[in-house]
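Only one structure is covered here, and it is reproduced in the block below.
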Amino acid sequence: DTEVTQTPKHLVMGMTNKKSLKCEQHMGHRAMYWYKQKAKKPPELMFVYSYEKLSINESVPSRFSPECPNSSLLNLHLHALQPEDSALYLCASSLQVGAMGNTIYFGEGSWLTVV
Amino acid sequence: GQNIDQPTEMTATEGAIVQINCTYQTSGFNGLFWYQQHAGEAPTFLSYNVLDGLEEKGRFSSFLSRSKGYSYLLLKELQMKDSASYLCAGFDRGSTLGRLYFGRGTQLTVWP
């Protein structure tokens with residue numbers, strides 16, 4: 008089972024709303040990731056959690072706030088977003104961060120539209 | 005740092021063979037991934053090379069030459085469902101705690 012589950016699949020929110028994206032994996036992976044992907048562009052790394060601790064923040068604006076409540080769950084809290092933040096948000100996980108042969112598995116993504 | 009380059013678009017016919025190339029310039033590089041992404045869907049893992057040579061998985065094969073900074077994905081017996089974007093991604097273990105850097109993707113269109 009190589010499944011990473013994301014909810015919701017689609018989200019429309021206003022610029023003053025607060026919402027959250029959720030991600031779950033039960034593969035025993037200890038590294039979890041958030042990527043952002045705009046149309047016809049490659050995924051761009053936002054955050055990396057390793058053993059439930061934030062290890063990489065790619066200079067993401069503070070209106071995006073990640074949270075890792077436990078080793079299976081990863082959230083992305085959204086507040087005061089801008090229309091240009093509309094994108095596909097991908098959660099991913101891997102056995103560990105930085106290990107050779109460390110395949111990263113992606114969830115199906117959450118399509119976010121900010122109006 | 006990472007600088008991964010791959011062609012933007014390719015076309016081929018059903019039943020044919022296509023090779024998608026990927027070149028990179030990097031230090032601290034520890035392997036190369038290939039992902040397939042259909043429109044509107046998430047990337048799915050195809051293959052991973054950490055050593056030089058060819059890795060074969062059914063209709064898909066991937067090759068890596070670390071000295072040349074070069075990889076390719078070979079798709080045989082093409083099917084219509086293979087129409088997708090193919091992303092080359094380099095894994096930099098160095099001091100960056102394992103970032104995966106993606107190329108811009110190659111959009112493959114398979115014609116009947």
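Heads up: the protein sequence lines correspond to chains A and B, in order.
Under our numbering, the first residue of the first sequence carries the number 8, and numbering increases by one thereafter.
Under our numbering, the first residue of the second sequence carries the number 5, and numbering increases by one thereafter.
Beta carbons are placed, not taken as given, at the ideal position from N, Cα and C, and that holds for glycine.
If you're wondering where the values come from, they're calculated on a predicted model, not measured in any experiment.
The criterion of a C-beta distance shorter than 8 Å is not satisfied by residue 106 (chain B) and residue 112 (chain A). One alpha carbon belongs to residue 78 (chain B), the other to residue 113 (chain B), and they sit about 14 Å apart. Collapsing the DSSP output to three states places residue 96 (chain B) in a strand. When beta bridges are read from the DSSP output, residue 57 (chain B) appears opposite B:68. Across the structure, residue 45 (chain B) and residue 109 (chain B) are spaced so that their CA atoms are roughly 14 Å apart. Beta-bridge partners of residue 80 (chain A) (DSSP): A:31, A:77. At a Cβ-Cβ threshold of 8 Å, residue 39 (chain A) and residue 100 (chain A) count as neighbours. Close to residue 54 (chain A), with beta-carbon spacing below 7 Å, lies no residue of chain B; the smallest spacing is near 11 Å.
Counted as a single uninterrupted DSSP element, the beta strand (DSSP E) harbouring residue 24 (chain B) occupies residues 22 to 29. Within a 10 Å sphere around the beta-carbon of residue 40 (chain B) sit 16 or more other beta-carbons, which makes this residue buried.
As the crow flies, the alpha-carbon of residue 26 (chain B) is around 36 Å from that of residue 27 (chain A). In the structure shown, residue 22 (chain A) falls within a coil segment according to DSSP collapsed to helix, strand and coil. Residue 81 (chain B) sits in coil when the DSSP states are folded into three classes, being neither helix nor strand.
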